[in-house]
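Inspection log for the structure reproduced underneath, given as structure tokens.
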Amino acid sequence: MCTPLAAHALLLLTTDRKGPLSLQAIDRQAMQISQFNVQVPLPDRHEVFVMNTFSDAQVIASADVTQLLDRVSRGESRFDEEERETIDALLENGFLVETREGERADLDRYFHSLREDTEQLRVTVLTTLQCNFACDYCFQGDHGDYNKFAEKMSLETAREVVEWIAGRLDEVRPEKFVLTLFGGEPLLNLPVAYYLAERCHALCTERGVTAGISLITNGLLLTPDVVDRLTPYGLYGVKVTLDGDRDTHNRMRPLRGRQGTFDRIIENVRRVADKVPITIGGNFDESSVDSYPALLDFLKEQEFADKIAKVNFKPIIKSFDRAVAPTGAIPLTLVGASDRPLAGTCMTSAGAGAGASKGSSVCDSCHFADEKMAFLRSETRKRGFPTPDGVHMGPCEIHRRHAHTIGPDGSLYACPGFTGSKTESTGHIDGREDEWRRLAAVRFERLSPKKDECGDCSFVPVCGGGCSVAAHTELGDMHQPSCHKGAFASAVAGLAQRTAEAVAS
Ligand code: SF4
Ligand code: SF4
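Using my numbering, you'd call the opening residue of the sequence shown number 751 and step up by one each time.
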């Protein structure tokens, strides 16, 4: 895993440099340090962890290497042979660049290729907006008469969805197709879930495309039968939400009669854990976050603990006044005594929680979420559960052209977080031409993971300006960055610490 690169104390741990580099062609007089270097001092070792968020290169370096970087940034160009060797290694791994302009152009190309990537076609289908829970923080839950009016996909629409997907498969010709079943509670519409799974798998088989299905469910109706029905069609993961320990979860995610749901969900997970990898997701706020360690302890004691593929918590966010909030929006709630919003949240496995880890330039009122995310990640790791590192978080699916979300009526959206607002629909599977959808599509086409406001931030390649839904709801403009830079900084610090420990052991 670790390869010493040069005579200087420079230990390369990992790299994923994008694009070729010809060292011969580089003018070392003009080179500059990369915008995307992040340094974390390791005082115990008298060394520094340096990461480049664009190349993903990570090194543990002695202080003289960082001094070398400083000398380059001051424009020095006279180096001895040993220093030149180190400089070549730093160039090869993206810590030094020919020019900042060139690096920015490389980043543009990278974002462009990410957007146009055809390797995967990803489609999230909301089979229904109905839900059997009544979470206080969620607009989708069964509050009052909401479920009476909440949309549910018909089999006829599901057939049109399949036709639409067939068209995209022929157009994009991906290697892999991923169907995410989402809601509301997707298992409240099993006929459509099964139909989509079966038909999409058949489409993929006919075309030699690998098919995968993920399911995001509250877990109440998750049974071995459901898993057995979906597995032959490519089910590779189920994400279940637990919002804290038993009492907290039961308070946060009750049934409409306020009965608790924790025991039943755990029992359901127990019954399917041998059949499919389970991801535990959780939405926290100030009132629930401290109960997560108890939940983690509980999970660790279960016989299915080693079957848990990932544990990932996200803050519940507040956006707009509940009175004016559209139905079907992602869960948003007022959190914190200060009345201040938390970070964006993404209920999809796709979003990778990007919104849960942005920083400070625009919204610096989210320290609660940033600190708690770091706390929860560390508590999760302590118990041996895999969890995202908080650094490699984006850009999220909204920046991929071939990732789509389809609402119960066949409306198309840029990502699941926008499904609560019909006016944000970018099209319809039947191809109807509404001017307002066309205008929405133009707005989303302009959405870029590179925001002017982010300036020379080192986290642009792994952030992409944050969650656009959070920006839309918290700032009223999806084109603004939804920034939680502090969370990125603390995540890199955690990564540095763990890396140093791993190298030492
Ligand atoms: S914009 Fe936000 S909600 Fe949408 S996919 Fe990205 S992180 Fe998730
Ligand atoms: S890229 Fe932009 S939104 Fe993301 S951390 Fe940096 S300044 Fe904040």
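Idealized CB from N, CA, C, for every residue including glycine.
Where residue i falls: helix, strand or coil (DSSP)
{"i": "Arg-1196", "result": "coil"}
{"i": "Leu-879", "result": "coil"}
{"i": "Glu-921", "result": "helix"}
{"i": "Met-1123", "result": "helix"}
{"i": "Val-788", "result": "strand"}
{"i": "Lys-1235", "result": "helix"}
{"i": "Glu-935", "result": "coil"}
{"i": "Pro-1065", "result": "strand"}
{"i": "Cys-1096", "result": "Confidence at Cys-1096 is low in this model, with a pLDDT of 35, below 50, so its placement is unreliable and the value that follows should be read with caution. If DSSP states are grouped into helix, strand and coil, Cys-1096 belongs with coil."}
{"i": "Gly-1032", "result": "strand"}
{"i": "Arg-865", "result": "helix"}
{"i": "Ala-1023", "result": "coil"}
{"i": "Gln-1052", "result": "coil"}
{"i": "Gln-870", "result": "strand"}
{"i": "Thr-849", "result": "coil"}
{"i": "Gln-1230", "result": "coil"}
{"i": "Glu-833", "result": "helix"}
{"i": "Ser-812", "result": "strand"}
{"i": "Ala-1059", "result": "strand"}
{"i": "Thr-1249", "result": "helix"}
{"i": "Glu-797", "result": "strand"}
{"i": "Ala-1243", "result": "helix"}
{"i": "Thr-803", "result": "coil"}
{"i": "Ser-1255", "result": "coil"}
{"i": "Pro-1076", "result": "Here the model assigns Pro-1076 a pLDDT of 38, short of 50, so the residue's position is not dependable, and the following value carries that caveat. Looking at Pro-1076 - three-state DSSP - the assignment turns out to be coil, as it is neither helix nor strand."}
{"i": "Gly-1101", "result": "Reliability fails at Gly-1101, whose pLDDT of 32 lies under 50, so the model's placement of it is uncertain and the value that follows must be treated cautiously. Three-state result, Gly-1101: coil."}
Short Cβ contact (8 Å threshold) for residue i with residue j
{"i": "Val-911", "j": "Val-875", "result": "yes"}
{"i": "Leu-992", "j": "Ile-1028", "result": "no"}
{"i": "Phe-927", "j": "Leu-919", "result": "yes"}
{"i": "Pro-1199", "j": "Pro-1145", "result": "yes"}
{"i": "Arg-850", "j": "Gln-782", "result": "yes"}
{"i": "Leu-971", "j": "Val-977", "result": "no"}
{"i": "Thr-803", "j": "Ser-1208", "result": "yes"}
{"i": "Glu-853", "j": "Gln-785", "result": "yes"}
{"i": "Pro-1166", "j": "Thr-1155", "result": "yes"}
{"i": "Phe-1054", "j": "Val-1026", "result": "no"}
{"i": "Arg-1003", "j": "Cys-885", "result": "yes"}
{"i": "Leu-793", "j": "Leu-871", "result": "As written in the sequence, residue 793 is Pro, which differs from the Leu given in the question. In this structure, Leu-871 does not lie closer than 8 Å to Pro-793 by Cβ."}
{"i": "Leu-857", "j": "Pro-1211", "result": "yes"}
{"i": "Gln-1220", "j": "Asp-1227", "result": "A small fix is needed here, since residue 1220 is Ala in this sequence, not Gln. Cβ distance not < 8 Å, so Ala-1220 and Asp-1227 don't count as in contact."}
{"i": "His-1234", "j": "Asp-1139", "result": "no"}
{"i": "Val-873", "j": "Ile-837", "result": "no"}
{"i": "His-1149", "j": "Ser-1161", "result": "no"}
{"i": "Thr-1169", "j": "Gly-1181", "result": "no"}
{"i": "Glu-1147", "j": "Tyr-1163", "result": "no"}
{"i": "Ser-904", "j": "Gly-844", "result": "no"}
{"i": "Phe-1034", "j": "Lys-1122", "result": "yes"}
{"i": "Ser-812", "j": "Glu-831", "result": "no"}
{"i": "Cys-1213", "j": "Met-1143", "result": "yes"}
{"i": "Ala-1023", "j": "Lys-989", "result": "no"}
Residue nearest to residue i in terms of C-alpha spacing, selected from the options
{"i": "Ala-1250", "options": "Lys-1060, Thr-868, Arg-1008, Val-790", "result": "Val-790"}
{"i": "Glu-866", "options": "Pro-1211, Glu-1195, Lys-1235", "result": "Glu-1195"}
{"i": "Ser-1038", "options": "Ala-1153, Phe-799, Asn-1000", "result": "Asn-1000"}
{"i": "Thr-930", "options": "Thr-967, Gln-782, Cys-1207", "result": "Thr-967"}
{"i": "Leu-965", "options": "Gln-870, Arg-821, Asp-975, Gly-987", "result": "Gly-987"}
{"i": "Gly-1031", "options": "Glu-921, Ile-1066, Gly-1010, Arg-1021", "result": "Ile-1066"}
{"i": "Cys-881", "options": "Pro-936, Leu-864, Ser-827", "result": "Pro-936"}
{"i": "Ala-1153", "options": "Val-922, Thr-816, Phe-786, Asn-1062", "result": "Val-922"}
{"i": "Leu-846", "options": "Asp-975, Tyr-860, Glu-831, Thr-816", "result": "Thr-816"}
{"i": "Glu-901", "options": "Asp-830, Asp-1159, Leu-1045, Met-1143", "result": "Asp-1159"}
{"i": "Asn-939", "options": "Gly-917, Arg-957, Thr-907, Leu-953", "result": "Thr-907"}
{"i": "Pro-1013", "options": "Phe-1048, Arg-979, Asn-1033, Met-1228", "result": "The question names Pro, yet the displayed sequence has Asp at residue 1013. Closest option to Asp-1013, Cα to Cα, is Phe-1048."}
{"i": "Val-1259", "options": "Gln-808, Leu-840, Ile-915", "result": "Past the edges of the chain, shown from 751 to 1255, lies residue 1259, and the structure says nothing about it."}
{"i": "Tyr-944", "options": "Glu-956, Thr-981, Thr-955", "result": "Thr-981"}
{"i": "Glu-1036", "options": "Phe-861, Thr-1169, Gly-994", "result": "Gly-994"}
{"i": "Asp-1202", "options": "Gly-1215, Arg-1193, Ala-1191", "result": "Gly-1215"}
{"i": "Lys-1172", "options": "Ala-855, Leu-819, Leu-879", "result": "Leu-879"}
{"i": "Leu-840", "options": "Val-822, Arg-795, Arg-828, Ala-855", "result": "Val-822"}
Heavy atom of ligand 3 within 7 Å of residue i beta-carbon
{"i": "Cys-881", "result": "This structure does not include ligand 3; its bound ligands are ligand 1 and ligand 2."}
Whole-number beta carbon distance between residue j and residue i, since they are thought to touch under 8 Å
{"i": "Ile-810", "j": "Val-1253", "result": "6 Å"}
{"i": "Val-1141", "j": "Leu-1245", "result": "6 Å"}
{"i": "Ser-1240", "j": "Ala-1124", "result": "5 Å"}
{"i": "Thr-1130", "j": "Val-1061", "result": "5 Å"}
{"i": "Leu-1197", "j": "His-1229", "result": "7 Å"}
{"i": "Val-973", "j": "Arg-1021", "result": "According to the sequence displayed, residue 973 carries Thr and not Val. Going by Cβ atoms, the distance from Thr-973 to Arg-1021 rounds to 7 Å, so yes, they are a contact pair."}
Item to check | In chain order, each beta strand (DSSP E) run of at least 3 residues that lies wholly inside the stretch 939-1019 | outcome: Uninterrupted beta strand (DSSP E) stretches at least 3 residues long and entirely within the stretch 939-1019 occur at 960-967, 985-991, given in chain order.
Item to check | Contained alpha helix (DSSP H) runs [length at least 4] in the stretch 1115-1185, N- to C-terminal order | outcome: 1117-1132
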